[in-house]
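In our numbering, the protein residues as written are 137 to 480.
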């Protein structure tokens, strides 16, 4: 035994002396089987995807590459409107989804897209979204139809408009304009007399560049710059804040069920890192975009009186229509009340 130890020491010393020391393979902090998840998302890498990039980094580092998340950008595995169908079919394990892209496929979750919800900050937005994601009505609907659950929200910032042409300095100026708006925000803009174009994010640049739309609403400010709308716009709103859309990260229940418990624990850790990454990424984009826009675009700020008037016509009336539309399908008023209670 003594001779063996001396031999090992001698070999190690010789290796160091010759500069040929070979490090032992790194041990995984969390051991487990080899698992690879495919994650589908539209567009390019951007602030919106900072969370899933953080997941990928965390789980792969902690397992020494045994648990991998491969992100497919640009709808490589299927179009954004088919993500629910494709997860159900087993094409990939997870993806981003915006409920507004296919509201007919999931109705209860669209309560999160209603305009002027009293959500004051990033953390409250997460709380409200998670409350609905875990609500038996909303969670039950997507489980039954699509065999998925919403793991986390992308926590999109409040939407604002960028547009071309005459700036809408007052609410009446939106009458007759064609604007891109989704979900409950579309209802709010209809109340102002605007025509609604419901194109997806990747279709917007061409629409405004060619004059098919006068203005587009996007999570401000990162999405306008991500899709280069600020390159063709002439004005922007900075305090309209009509609401946002919930675009969660959804995961196949089948894939989740097969995941070892130690990997699930890693995913919950990764979720926290993902939210932190989103918060930082959105803020960083604002610091770059707003000064740039103020130099080259016309900024529109509405008075408190104008905003109150907008909320009066685009808030509760839209809620009432949403409840009336869905009350025969589930407890729509109860779900709305749950949102309002969580936003306190």
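Quick reminder that beta carbons are idealized off the backbone N, C-alpha and C, glycines included. All figures in this text were calculated on a predicted structure; none of them were measured in a lab.
Alpha carbons only, please: which of the options is nearest the one belonging to residue i?
i: residue 405; options: 249, 194, 174 and 435; result: 194
i: residue 383; options: 265, 260, 243 and 192; result: 265
i: residue 226; options: 205, 421, 284 and 255; result: 284
i: residue 376; options: 351, 426 and 436; result: 436
i: residue 350; options: 286, 446 and 314; result: 314
i: residue 219; options: 244, 326 and 178; result: 178
i: residue 418; options: 175, 184 and 180; result: 184
i: residue 189; options: 366, 476, 408 and 471; result: 408
i: residue 339; options: 365, 267 and 445; result: 365
i: residue 442; options: 310, 276, 352 and 202; result: 310
i: residue 447; options: 323, 301 and 204; result: 323
i: residue 239; options: 461, 470 and 476; result: 461
i: residue 421; options: 399, 467, 402 and 360; result: 360
i: residue 231; options: 389, 297, 247 and 317; result: 389
i: residue 233; options: 292, 202, 191 and 206; result: 292
i: residue 316; options: 211, 300 and 414; result: 300
Between residue i and residue j, which are expected to be in contact by the criterion C-beta below 8 Å, what is the C-beta distance as a whole number of angstroms?
i: residue 372; j: residue 458; result: Incorrect: roughly 28 Å between the Cβ atoms, too far for contact.
i: residue 479; j: residue 433; result: About 31 Å; that fails the 8 Å criterion.
i: residue 474; j: residue 271; result: 6 Å
i: residue 295; j: residue 380; result: 6 Å
i: residue 287; j: residue 385; result: 5 Å
i: residue 249; j: residue 208; result: No, residue 249 and residue 208 are not in contact; Cβ-Cβ is about 25 Å, not under 8 Å.
Any heavy atom of the ligand GDP within a distance shorter than 7 Å of the CB on residue i?
i: residue 289; result: As presented, the structure is devoid of all ligands, the ligand GDP included, so that no description of it is given.
Please confirm whether residue i has its beta-carbon closer than 8 Å to some beta-carbon of chain D.
i: residue 371; result: The displayed structure is made up of one protein chain only, and chain D is not part of it.
In this structure, how does DSSP classify residue i when only helix, strand and coil are distinguished?
i: residue 351; result: strand
i: residue 316; result: strand
i: residue 223; result: helix
i: residue 343; result: helix
i: residue 297; result: strand
i: residue 446; result: helix
i: residue 184; result: helix
i: residue 196; result: helix
i: residue 479; result: coil
i: residue 482; result: Since the displayed the chain opens at 137 and closes at 480, residue 482 lies outside it and no answer follows.
i: residue 291; result: coil
i: residue 467; result: coil
i: residue 178; result: coil
i: residue 210; result: coil
i: residue 338; result: helix
i: residue 277; result: helix
What does DSSP give as the partner residue(s) for residue i in the beta ladder?
i: residue 333; result: 316
i: residue 435; result: 372
i: residue 172; result: 204
i: residue 385; result: 232 and 288
Inset, instruction - Evaluate the contact criterion for the segment 213-220 versus the segment 244-263: three or more CB pairs, one atom per stretch, below 8 Å. - result: By the C-beta criterion, the segment 213-220 is judged not to be in contact with the segment 244-263, since fewer than 3 inter-stretch pairs fall below 8 Å.
Inset, instruction - Pair every Cβ in the segment 238-257 with every Cβ in the segment 443-463, then say whether three or more of these pairs are closer than 8 Å. - result: Contact between the segment 238-257 and the segment 443-463 is present: 3 or more CB-CB pairs across the two stretches fall below 8 Å.
Legend entry - Three CB pairs or more closer than 8 Å across the segment 392-404 and the segment 319-333: Touching, no, given that fewer than three Cβ pairs across the two stretches are closer than 8 Å.
Legend entry - Segment contact, 8 Å Cβ cut-off, at least three pairs: the segment 351-358 with the segment 411-428: Flag = yes, the segment 351-358 and the segment 411-428 touch.
Inset, instruction - Decide yes or no for the touch test of the segment 338-350 against the segment 195-209: beta carbon pairs closer than 8 Å, at least 3 of them. - result: Segments in contact, no.
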